[in-house]
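In UniProt numbering, the protein residues as written are 1 to 352.
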């Protein structure tokens, strides 16, 4: 008996705190995912980093050996200055004639800042530019998020909600299954249109990129990670891009449109009934766990659903008024059934 009672208490305790345990497992799983990712990246990239460091050290020693008039300290000073300039998007190469702050390049910079992509290849050089970047982003990022949310919501109506509702009525298929099929097809189409095809185009436009590097750039950019290790249009040869401004403008439009469609796919997946049921496992939504105001609102809604229409009660309580034809028929029946009785004060049908 005691063992069964204890087991029952444990089951009730688990059911009562199921969402808390699920959320704790989610946190632990996410932390493990971070640790596993860090370990894998370290195991893959650390040997390449050590090899690159050795190659640079050998190249530096060869340069000093072949140019004895250059001291190691002067070379170190030159390299530090060149790397600092490169961090600000300015190259020390002699054939670099591109400008980072013409109008089209500045437009590309503002789009990457407001969408929080932030490649980091071009940054403000002056204190005035840094201060304006703070002010510009402070208002621009919320406005951009609001604009994207409104745009995504309108697109969702056209390419997600209406098609799902239409085929649900036409095919009489389960709405959850139909939504899952639609989300899968939409994801495949978007991946093809904004990842695969653009990556193939970048492979032909950027001579130093292979398909994997182009696909890597598209994914890193459209997910707003923006590492900045690959930025299109940064080549120093005019033969590769005879119209660099038009090329940079086309990339800006592609990034904005691609980001919108990525958000559409994510929102479509988040609205799936399967995803909603999965999210409900990690938070409480019982009435007793809500605040008092929300609880009162829910209680009132439930009472209103249980009550019938007030018009029905009024109909039951009020007397039924017969129609004119019914009243006439009732009077006719009364005149035929009751004989005529002379009024009082008359004898033999005559008045006194």
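From the three backbone atoms N, C-alpha and C, an ideal C-beta is built for every residue, glycine too.
Can you tell me where the alpha helix (DSSP H) holding residue 181 begins and where it ends? 175–191
Among 37, 101 and 207, the one whose alpha carbon lies nearest that of residue 126: 101
Have a look at 88, 118, 29 and 268 and flag the residue whose alpha-carbon is nearest the alpha-carbon of residue 152. 268
Determine, using beta-carbon pairs with one atom in the segment 105–117 and one in the segment 254–265, whether at least three such pairs fall under 8 Å. yes
7 Å Cβ shell around residue 112 - same chain, five flanking residues per side excluded: 118, 119 and 226
What would DSSP say about residue 207, mapped onto helix, strand or coil? coil
Measuring only from the beta carbon, is residue 216 closer than 6 Å to any heavy atom that is part of the ligand COA? Because no ligand of any kind appears in the structure shown, any question about the ligand COA cannot be addressed here.
Locate the alpha helix (DSSP H) running through residue 142, then write down its first and last residues. 127–156
Buried or exposed: residue 89, going by 16 or more other Cβ atoms within 10 Å of its Cβ? buried
Which residues bound the alpha helix (DSSP H) around residue 161? No alpha helix (DSSP H) contains residue 161, which DSSP labels as neither H nor E.
Should residue 172 be labelled buried (16 or more other beta-carbon atoms within 10 Å of its own) or exposed? exposed
Less than 8 Å between C-beta atoms, sequence neighbours within five positions excluded: which residues of the same chain meet that for residue 265? 183, 186, 187 and 190
Looking only at its chain, what residues have a beta carbon closer than 7 Å to the beta carbon of residue 13, apart from the 5 residues adjacent to it on each side? none
Below 8 Å CB to CB, which residues in the same chain sit around residue 21 once its five sequence neighbours on both sides are set aside? 14
Could you tell me the alpha carbon to alpha carbon distance between residue 293 and residue 231, rounded to whole angstroms? At residue 293 the pLDDT is 48, less than 50, meaning the model places this residue with poor confidence and gives no usable figure here.
If you draw a straight line from the alpha carbon of residue 108 to that of residue 211, how long is it in whole angstroms? 23 Å
Spatially closest choice to residue 278 from 18, 49 and 57, by CA coordinates: 18
Beta-carbon proximity check, residue 263 vs residue 221, cutoff 7 Å: no
So what's residue 124 in DSSP terms, helix, strand or just coil? coil
Backbone CA spacing between residue 249 and residue 206 [nearest angstrom]: 16 Å
Rounded to the nearest angstrom, what separates residue 56 and residue 144 at their Cα positions? 43 Å
Do residue 176 and residue 199 have their C-beta atoms within less than 7 Å of each other? no
Spatial distance of residue 99 from residue 204 (CA atoms): 23 Å
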